[in-house]
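Each residue of the sequence shown is one higher than the one before, counting from 2 in my numbering.
Beta carbons: idealized from backbone N, C-alpha and C, even for Gly.
From a predicted model like this one, the values you see are computed outputs, not experimental measurements.
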Amino acid sequence: MNFVYISPQFPKTNCEFCNRLKQNGVNVLGIADIEYDQLAQKLKDCLTEYYKVSSLENYDEVLKAVAFFTHKYGKINWLESNNEYWLVQDSRLRSDFNITTGIKSDKIANIKEKSKMKKAYKKGEIPAADFSLVTTLVKAKKFIDKVGYPVVVKPDNGVGASDTRKIKNEKELKEFFETRNENVKYIMEEYVDGDLVSYDAVIDSNGNPIFETGIVEPAVMDIVNEGLDVFYYVEKEMPEKLLDAGRRAVKGFGVKSRFVHLEFFKLNKNKKGLGKKGDYVGLEANMRPAGGYTPDMYNYANNTDVYQIWADMIAFDKIEKAKLNKDIEKNYCVYASRRDNRNYIHSHDEIKQKYGNAIVMDERMPDIFSGAMGNYMYTAKFKTKEEMEEFIDFVHKKIEE
Numbered sequence: 002m003n004f005v006y007i008s009p010q011f012p013k014t015n016c017e018f019c020n021r022l023k024q025n026g027v028n029v030l031g032i033a034d035i036e037y038d039q040l041a042q043k044l045k046d047c048l049t050e051y052y053k054v055s056s057l058e059n060y061d062e063v064l065k066a067v068a069f070f071t072h073k074y075g076k077i078n079w080l081e082s083n084n085e086y087w088l089v090q091d092s093r094l095r096s097d098f099n100i101t102t103g104i105k106s107d108k109i110a111n112i113k114e115k116s117k118m119k120k121a122y123k124k125g126e127i128p129a130a131d132f133s134l135v136t137t138l139v140k141a142k143k144f145i146d147k148v149g150y151p152v153v154v155k156p157d158n159g160v161g162a163s164d165t166r167k168i169k170n171e172k173e174l175k176e177f178f179e180t181r182n183e184n185v186k187y188i189m190e191e192y193v194d195g196d197l198v199s200y201d202a203v204i205d206s207n208g209n210p211i212f213e214t215g216i217v218e219p220a221v222m223d224i225v226n227e228g229l230d231v232f233y234y235v236e237k238e239m240p241e242k243l244l245d246a247g248r249r250a251v252k253g254f255g256v257k258s259r260f261v262h263l264e265f266f267k268l269n270k271n272k273k274g275l276g277k278k279g280d281y282v283g284l285e286a287n288m289r290p291a292g293g294y295t296p297d298m299y300n301y302a303n304n305t306d307v308y309q310i311w312a313d314m315i316a317f318d319k320i321e322k323a324k325l326n327k328d329i330e331k332n333y334c335v336y337a338s339r340r341d342n343r344n345y346i347h348s349h350d351e352i353k354q355k356y357g358n359a360i361v362m363d364e365r366m367p368d369i370f371s372g373a374m375g376n377y378m379y380t381a382k383f384k385t386k387e388e389m390e391e392f393i394d395f396v397h398k399k400i401e402e
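So, in structure tokens, the structure goes:
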């Protein structure tokens with residue numbers, strides 16, 4: 002089996018996916034834009050061959066790289082980056098080389114454009130916030146007359162919470178139209194008062210989950226726009242209603258042979274047209290694992306190896322080598338980070354001294370992620386939600402200014 006992995010070195014978790022593919026006897030063929038000598042030794046050991054391009058943005062170069070691998074190794078069975086940024090390019094390469102194990106370019110808009118995601122959630126019989134593709138101030142006002150303030154506006158085809166705004170009045174609405182990027186198509190949605198949660202799963206070729214988990218996180222939009230402290234956590238046990246919503250969404254999107262991260266709002270109060278308090282409303286779909294070190298957090302929470310589960314899906318279409326020990330108690334696994342421009346009460350050493358046995362990772366985050374993820378992160382696991390909440394408070398407690 003020949004597997005082309007785009008950007009196997011970034012983010013760092015990609016190395017683990019490559020490692021498990023190698024262990025399953027797969028030829029892992031890497032393409033990236035850094036020198037081979039800059040790759041970690043563990044990644045070098047996973048790759049059957051590596052092809053350096055001057056830029057992954059240069060489609061012709063990446064195309065030539067895949068053509069080279071095809072000539073040398075034969076038919077390419079899989080091509081993935083597991084990275085939101087490269088999903089469109091991945092789909093184009095699959096189309097050009099007739100790689101049938103993933104989404105091709107004629108279907109990619111369904112999972113990249115937020116307006117089209119609404120239709121897939123609807124197909125899964127999951128409600129989604131009302132929306133309008135706002136092109137003019139008049140059209141926006143007409144939509145707001147229908148749903149009321151506040152509204153949320155964001156690029157229809159965007160990554161994460163970039164360029165996402167909450168508009169609370171007409172003054173802010175006018176400011177948006179004066180400062181927006183004219184080359185971007187924006188979607189405006191009614192505001193939903195709910196907690197952001199996710200259904201994360203590895204899906205087999207029949208569209209059935211072979212592993213399920215999920216995260217709870219505060220509003221990423223507010224974190225990015227206001228520079229707030231970040232925390233989110235992996236659920237110890239998934240609520241049955243969320244599992245049901247996630248599975249129906251998978252069917253609605255027609256997902257097969259992928260890692261998915263599907264986002265929902267859990268309503269904090271009854272909302273006409275969407276549901277009752279505690280119901281789940283479809284938000285966005287991501288056809289890849291959640292970002293950062295979240296896959297590692299899945300592992301710590303579930304006492305498993307999701308990298309191996311995913312590689313088993315690729316190689317065997319079922320769990321073959323991975324271990325799912327249902328007798329081992331699960332954990333809450335939490336990520337809490339700090340920002341360089343804040344004054345915190347407790348020092349790094351105090352955090353390590355108090356929670357050293359619970360902390361499973363701590364390190365500085367790459368600057369490219371700092372807006373949404375903070376500058377320095379601590380990841381820890383706990384048996385109870387109370388212990389986890391105490392940890393978050395300890396890490397984030399600030400000196401009053």
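Given a cut-off of 8 angstroms on the beta-carbon distance, is the pair residue i and residue j in contact?
i: G31; j: P9; result: yes
i: S116; j: S106; result: no
i: K186; j: L138; result: no
i: A323; j: T305; result: yes
i: N358; j: R365; result: no
i: F4; j: N78; result: yes
i: Y60; j: Y37; result: no
i: K382; j: N332; result: yes
i: F260; j: N83; result: yes
i: A246; j: I360; result: no
i: I203; j: C334; result: As written in the sequence, residue 203 is Val, which differs from the Ile given in the question. Not in contact: V203 and C334 (Cβ atoms no closer than 8 angstroms).
i: I216; j: D205; result: no
i: Y299; j: V307; result: yes
i: E264; j: M239; result: no
i: F254; j: I109; result: no
i: Y150; j: K175; result: no
i: M118; j: E285; result: yes
i: L94; j: A312; result: no
i: G195; j: L244; result: no
i: A316; j: N28; result: no
i: I369; j: I211; result: no
i: G283; j: A68; result: no
i: G125; j: A250; result: yes
i: A337; j: F232; result: yes
What did DSSP end up calling residue i once you bin it into helix, strand or coil?
i: T214; result: strand
i: S199; result: strand
i: P156; result: strand
i: T380; result: strand
i: Y51; result: strand
i: A33; result: strand
i: V148; result: helix
i: M362; result: strand
i: K172; result: helix
i: H72; result: helix
i: G276; result: strand
i: F177; result: helix
i: E191; result: strand
i: F11; result: coil
i: L40; result: coil
i: K167; result: strand
i: S116; result: helix
i: L57; result: coil
i: I127; result: coil
i: I400; result: coil
i: L64; result: helix
Over what stretch of residues does the alpha helix (DSSP H) that includes residue i continue unbroken?
i: H433; result: An answer regarding residue 433 cannot be provided, because it is not within the stretch 2 to 402 covered by the chain.
i: L284; result: No alpha helix (DSSP H) contains L284, which is instead part of the beta strand (DSSP E) from Y281 to N287.
i: A1; result: Outside the modelled stretch of the chain, which goes from 2 to 402, sits residue 1, for which no answer is possible.
i: K186; result: Counting along the chain, K186 falls outside any alpha helix (DSSP H), and DSSP gives it neither H nor E.
i: K353; result: H349 to Y356
Name the two residues that bound the continuous beta strand (DSSP E) containing residue i.
i: V256; result: Unbroken run through V256: none, as it is neither H nor E.
i: Y299; result: Note, Y299: premise wrong, no beta strand (DSSP E); alpha helix (DSSP H) at T295 to N303.
i: R93; result: Note, R93: premise wrong, no beta strand (DSSP E); alpha helix (DSSP H) at L88 to F98.
i: E81; result: W79 to E81
i: Y345; result: Note, Y345: premise wrong, no beta strand (DSSP E); not H, not E.
i: S371; result: Taken as a continuous stretch (DSSP letters only), S371 belongs to no beta strand (DSSP E), being part of the alpha helix (DSSP H) at S371 to M374.
i: A337; result: Y333 to R339
i: L134; result: F132 to V135
Return the chain-ordered list of same chain residues with a C-beta closer than 8 angstroms to the C-beta of residue i, the five sequence neighbours on each side being excluded.
i: L57; result: I7, S8, I32, A33, D34, V63, W87 and Q90
i: F395; result: H347, I352, K355 and Y356
i: Y301; result: V235, N332, C334, V361, T380 and K382
Below 7 angstroms CB to CB, which residues in the same chain sit around residue i once its five sequence neighbours on both sides are set aside?
i: E114; result: D157 and N158
i: N326; result: N304
How would you label residue i, buried or exposed, when you count the other beta carbons within 10 angstroms and need 16 or more for buried?
i: T400; result: It should be pointed out that residue 400 corresponds to Ile in this sequence rather than to Thr. Exposed, because fewer than 16 other Cβ atoms sit within 10 Å of the Cβ of I400.
i: E190; result: buried
i: H262; result: buried
i: N287; result: buried
i: N99; result: exposed
i: N271; result: exposed
Among residues of its own chain, excluding the 5 on either side of residue i, which ones have a beta-carbon nearer than 6 angstroms to its beta-carbon?
i: D131; result: V148 and E191
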